[in-house]
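642 is the number that UniProt numbering gives to position 642 of the sequence shown; each next residue is one higher, with no gaps.
The beta carbon of each residue, even a glycine, is placed where N, CA and C say it ideally should be.
Here's the structure, in structure tokens; my notes come after.
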Amino acid sequence: MRKAGHRQPVLESLRAMRAAEFRSPIGRFLIGPTVPVCAHVWGGTGAPHHNIARYMARTPNLGNDLMTSFHASRIRKCLLAASVAQALIAIPALAQTTSGTQSASEKHHADASKPVKLEAVMVTAQRRSQNLQEVPIAVTALDEAQLSARGIQNVSDMGAVAPNLTVMNAPGNASSSAISIRGAININPAPYWDQPVGMYVDGVYLGKTQGNVFDLLNLERIEVLRGPQGTLFGRNTMAGAVNLVTRAPSGVFTGDASVGIGNYGSKVGKVTMDLPAMGKLKVSLGGRVEHRDGWVKTTPGSAQSQLANRRNNEAFVGLEYDATDNLTFNYRYDYTNLNQGGLFNQTIHSDVEQAFGIPGIIVNQSRQTRASIDSPDFEKSRVSGNALTVTWKLGDAGTLKYIGAYRKMDWADALDLDGSPILFAQTANQTRYHQTSHELQYLGSYGPWNWVAGAYYFSDSGFSNNPQTYFLGQADYDENFGYGTRSRALYAQVDYKLTDKLTLTAGLRRTIERKNASRYEALVNPDLVIVPQGTAAQAGFSATTPALNLAYQLSPNHMVYARYAEGYLAGGFNGEAQTVATATTPFKPETQKTYELGTKNTLLDGKLSLDADVFHNRVSNLQQSVFTAQGSASSTVLNVGTSHQQGFELEAHLRPTEDLTLGLNYGYLHAKYDKFMVTGVNVANNRSVQFAPKNTASVVVDSVLARTSNGVLHATLDYRYTSKFYMYVYPFTQTVPAQQLAQNTLIKTDSILNGRIALSDMNWGPVSGEVAFWGKNLTNKSHIDSIIDFGPNFGNLRTANYNEPRTFGVSVTARW
């Protein structure tokens, strides 16, 4: 790909593009060839080789397999980049002739007689396709255009896009996310713990948070469901669910190819396309390559050349086979390969030298862009998924649907926990994991009745190695643990129209599951091993989660509803426990009861949608992840008592003119512990509530600035706000000397401004062109995203991950 001859056809094709000049209310523009941009992209190199530390050698098979894959990924990157170039070259030959195609201004003139209103958004929040404004639950939906305009490529980009939604990377890790809805979260990505917010791709549940930050190609929309979804979605949706939905193949030759560059050496190439139907078969294909240098550079001699960089490849295949008019098979495959430096764990406080006489840890409370580290700090993962959906329409008898999936993950990381040039604290994790799920649904309607019923089976299994080294190598742990789940469920939900305006919905789900855990200690320092080799345990859990909803349609454009629902967060075992008793004693499932009142309204002849709800949650057997940092840096899940949360949520969308759309969401949250038991004492008033910002909000301005025969100039501004919150469940006042304090993990109020401006619908012969300029964190605000407080036993060491500085770039896209 580096030879000039390989990229010359692409450059010549781009040079041939006619420059477009037009005037608009904000000035005069000339859009010309973009050769330098594309030349820089095609000149990119493959991912660098990273050495693996000695502890990776302790499991040579995993290390060899991963390294083999990552070297092989360089070949895949070249192939994918070649595909981008080939697609750009092939488009003129394959696309339909467009001599009669209307210009953007002609299309606008032709549509001028249509009334201005918001576009309808269809969602599957209740397992069937419905208009968002007709779904009587709190749900936010972002369609493909909104995702593109707001720069949302994966889950980690979703912070504050919905009321009371908080999203962050797991501490020290860019490829694992932690999602909080209405204050419910587990921020530790350890694979033996479950999350209260379920994440789904095309109806398939993703069992773990490790490796769940990936860019989905062909993404059609994202749905954020707030409140328990225990009836239709099941286990681990106690607080809500995030549903990612991809586009179905169209059977028409359409697609897009794009290249982009940005600061920090960012280079991105992407192709998605639908092939022409081949008889009854429709095919979608996609691929993406991203390379970006890290915004944290390291000094010569450091164990890692750079931090917070990006090296990832994605591929997607979608197949749809219409066997008959009533029987359809849909297959989806997604693949992500990631190989990059980790996040920088910057030390913001340390008493290590005073406590242990170990000098050399650098303390800085402003965002650093240079670092000196002595231990490897990287993330590597391979994640792939296969899903098959079979839909059989039975006419008046209803529809049968089967969803089967298999996903697997190989994941490895290493962290220099102290972010310094001395060997004070380092850790690593190597994980192999796979999951299988099967679901059978029966959907139907008869007169005033609508129903969904189903059976569900889920199983997973994994093994992790988690070596840790502290105090200049004097404490060396090598924790190995296995884990597995078998879960079965039956569910049903029925809607009954009591009158033309009043609908009653009732649902019930019964879940039975079994979990196991095992430990395999490596005797690195025999005197420090606490949990014996071969320690194992298993336990069974069950739950019945009902839902009841009453919706009243005041008029065709106004609805009010009352909802009661229960959710269930699975129990389990502590894989990193430091005693036999803790390792073999399961923590119990957490349950939540939610009461909710809401309203959905469409006003001003369809120009305004205004949705609001109030809610009250009661949580029992509250699971809390408590970071101990005693002997090793690990966390333990405990059932500590009960809590409640209550709040208010508002979403509004206004389209006053055809060329302007405004969006607003706001969430208020009040969270409090009712009972928090520690050694038989209720300390609820002396514990911080984790991840419960009182206020979250976002404002979006989406405007067409100009329409001409040469294209449409379109701009988006996206502002998001999250008030302060505590990151961990710690006391405000110490009751024992070794305790960490809540105020040391306070995440301050944060706001961010993103933007995008694009000239689209440009006539590039047989294709439609777009040139877009984008920026994230436009004001270059510096803010701490996450904190780890190691506490007095580790010299009060505190490290932080800061947000990214301002990033910006330009992309060129051809659509056909």
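Asked                                                                                                                                         : Found
Does DSSP classify Ala565 as helix, strand or coil?                                                                                           : strand
Ser437 lies in the beta strand (DSSP E); which residues open and close that run?                                                              : Ala425 to Tyr446
To the nearest angstrom, how far is the alpha carbon of Gln538 from that of Gly571?                                                           : 11 angstroms
Between the Cα of Gln195 and the Cα atoms of Val161, Phe648 and Gly234, which residue gives the shortest distance?                            : Gly234
Under the three-state reduction of DSSP, which class applies to Asn793: helix, strand or coil?                                                : helix
Name the residue from Leu753, Ala671, Trp449 and Trp411 whose alpha carbon lies nearest to the alpha carbon of Asp157.                        : Leu753
Distance, Cα to Cα, Ala800 vs Gly183?                                                                                                         : 21 angstroms
Under the three-state reduction of DSSP, which class applies to Asn686: helix, strand or coil?                                                : helix
Give me the Cα-Cα distance between Leu705 and Leu206, rounded to the nearest whole angstrom.                                                  : 40 angstroms
In the DSSP assignment, find the unbroken alpha helix (DSSP H) run with Gln354 in it and report its ends.                                     : Val352 to Phe356
The alpha helix (DSSP H) spanning Ala536 covers which residue range?                                                                          : That residue, Ala536, is in no alpha helix (DSSP H); its beta strand (DSSP E) goes Ala536 to Ser555.
What is the DSSP secondary structure of Val213, counted as helix, strand or coil?                                                             : coil
Kindly indicate the opening and closing residues of the alpha helix (DSSP H) around Ser148.                                                   : Glu144 to Ala149
Tell me which residue opens and which closes the alpha helix (DSSP H) that Thr499 is part of.                                                 : Thr499 -> no alpha helix (DSSP H), and no H or E assigned at all.
Going by the beta-carbon positions, is the gap between Phe615 and Thr166 smaller than 7 angstroms?                                            : no
Give a yes or no on whether the C-beta atoms belonging to Thr231 and Tyr491 are separated by under 7 angstroms.                               : yes
If you reduce the DSSP assignment to three classes, tell me which class Asn665 lands in.                                                      : strand
Could you work out which residue in Arg815, Leu217 and Val352 is closest to Asp789 when comparing CA atoms only?                              : Val352
By alpha-carbon positions, which one of Ser350, Leu713 and Asn345 ends up nearest to Gly172?                                                  : Asn345
Answer with buried or exposed for Val197, where buried requires no fewer than 16 other C-beta atoms within 10 angstroms of its C-beta.        : buried
Taking a contact to mean a Cβ-Cβ separation below 7 angstroms, would you say Ala141 touches Arg756 in this structure?                         : no
Based on Cα-Cα distance, which residue from Asp500, Phe794, Glu804 and Ser786 lies nearest to Ala178?                                         : Ser786
According to DSSP, simplified to helix, strand and coil, what is Ser604?                                                                      : The question names Ser, yet the displayed sequence has Leu at residue 604. If DSSP states are grouped into helix, strand and coil, Leu604 belongs with the helices.
Which word fits Trp193, buried or exposed, when buried means at least 16 other C-beta atoms lie within 10 angstroms of its C-beta?            : buried
Measuring only the C-alpha atoms, how far is Pro48 from Gly227?                                                                               : A caution first: Pro48 carries a pLDDT of 34, below 50, which makes its placement in the model unreliable, though a value can still be read off. Distance between the alpha carbons of Pro48 and Gly227: 44 angstroms.
Closer than 6 angstroms: is that where the CB of Asn763 sits relative to any heavy atom of the ligand FAD?                                    : In the structure on display, the ligand FAD does not appear, and there are no ligands present to speak of.
In whole angstroms, what separates the C-alpha of Val268 from that of Ala315?                                                                 : 14 angstroms
According to DSSP, is Asn744 helix, strand or coil?                                                                                           : helix
For Asn154, which of Val452, Lys117, Leu217 and Trp451 has the nearest alpha-carbon?                                                          : Leu217
Quick check on this structure: which residue in Phe773, Leu797, Glu804 and Ala583 has the alpha carbon closest to the alpha carbon of Val259? : Phe773
Could you check if Thr369 is buried or exposed, using at least 16 other CB atoms within 10 Å of its CB as the buried criterion?               : exposed
Pairs of beta-carbons, one from the region 425–444 and one from the region 455–464, closer than 8 angstroms: are there three or more?         : yes
Less than 7 angstroms between the C-beta atoms of Asp761 and Val812, yes or no?                                                               : no
Could you say which of Phe573, Asp659 and Tyr802 lies nearest to Ser366 if we only look at CA atoms?                                          : Tyr802
Determine the direct distance from the alpha carbon of Pro556 to that of Asp416, and round the result to whole angstroms.                     : 58 angstroms
Shortest alpha-carbon distance to Asp702 belongs to which of Arg128, Leu654 and Leu502?                                                       : Leu654
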